[in-house]
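Engineer: Residue numbering for the sequence shown follows the working numbering, beginning at 5 and increasing consecutively. Backbone N, C-alpha and C fix where the C-beta goes; we use that ideal spot for every residue, glycine too. These numbers come from a predicted model, not from an experiment.
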Amino acid sequence: MEYKQIQELIKTVNKSGISELSIEQGDFKITIKQEMSSAQPTYVMAPAPAPVQIPVAAPHAAPAEVAAPAAAKPAADNAAAGVTIKSPMIGTFYRSPSPDKPVFVNIGDEVKKGQKLCIIEAMKLFNDIEADIDCRILKVLVDDSTPVEYDQPLFLVEPL
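1. From the DSSP output, in three-state form, read off Ala43 for me.
2. Where do the ends of the beta strand (DSSP E) carrying Lys128 lie?
3. Within a Cβ cutoff of 8 Å, which residues of the same chain sit near Leu13, ignoring the five residues on either side of it in sequence?
4. Which residues in the same chain as Tyr154 place their Cβ atom closer than 7 Å to its Cβ, once the five residues preceding and following it in sequence are excluded?
5. So what does DSSP say about Ile22, is it helix, strand or coil?
6. Could you check what DSSP says for Lys117 in three-state terms: helix, strand or coil?
7. Could you tell me if Leu121 is buried or exposed, where buried requires 16 or more neighbouring beta carbons within 10 angstroms of its beta carbon?
8. Can you grab the Cα-Cα spacing for the pair Leu129 / Phe97, in whole Å?
9. Would you mind giving the Cβ-Cβ distance between Arg140 and Gly112, rounded to the nearest angstrom? I have them listed as a contact below 8 Å.
10. Going by the CB atoms, is the gap between Asp132 and Ile123 shorter than 8 Å?
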């Protein structure tokens with residue numbers, strides 16, 4: 005199942021009145037659950053072989069290069085300053101592959117479409133988050149090793 009299809013399934017479950025959706029395709033199985041008494045859905049994904057999953061040692065923080073969270077800034081300022089790259093899933097945000105390795109991108113770096121920006125760990129699976137466009141990193145909106153929500157802004161970028 006493609007990543008975009010999973011995103012659409014999550015959106016559909018959030019908008020609909022169903023409490024649980026399970027899908028199996030070969031070795032891949034996904035169950036999306038949502039409590040009806042609460043507004044917060046729960047997502048459960050079973051491990052499946054995928055090239056985007058890489059093992060990572062315990063991550064480290066680099067707070068000096070991280071900007072304040074996006075919630076502290078008005079949305080209009082973010083829209084005028086650049087394009088927001090958002091989290092495609094719920095998980096833990098990591099800026100580097102391990103504590104002894106450098107971060108994937110720094111503020112001011114020019115990145116190409118498909119270049120790795122960060123890793124999001126979800127259910128012990130490590131997912132590479134890549135740039136959708138050629139761009140320059142203006143701000144990192146999330147602290148290293150912190151939880152992120154689906155559709156949460158991660159980076160503010162300027163298209164090249």
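Structural biologist: Quick answer:
1. Only weak support is given to the placement of Ala43: the predicted model assigns it a pLDDT of 49, under 50, and the question is left unresolved by the model.
2. Counting along the chain, Lys128 sits inside no beta strand (DSSP E), nor does DSSP assign it H or E at all.
3. Listed in chain order, the non-local C-beta contacts of Leu13 below 8 Å within the same chain comprise Leu25, Ile27, Ile34, Ile36, local neighbours out to five positions each way being set aside.
4. Shown here for Tyr154: same chain residues with a beta carbon closer than 7 Å to its own, the five before and five after excluded, namely Ile14, Ser91, Met93, Ile94 in chain order.
5. Residue state, collapsed to three classes: coil.
6. Looking at Lys117 - three-state DSSP - the assignment turns out to be coil, as it is neither helix nor strand.
7. Leu121 is buried by the Cβ-count criterion.
8. Each residue's Cα considered, the two are about 12 Å apart.
9. So it is a contact: roughly 7 Å between Cβ atoms.
10. Closer than 8 Å, so yes.
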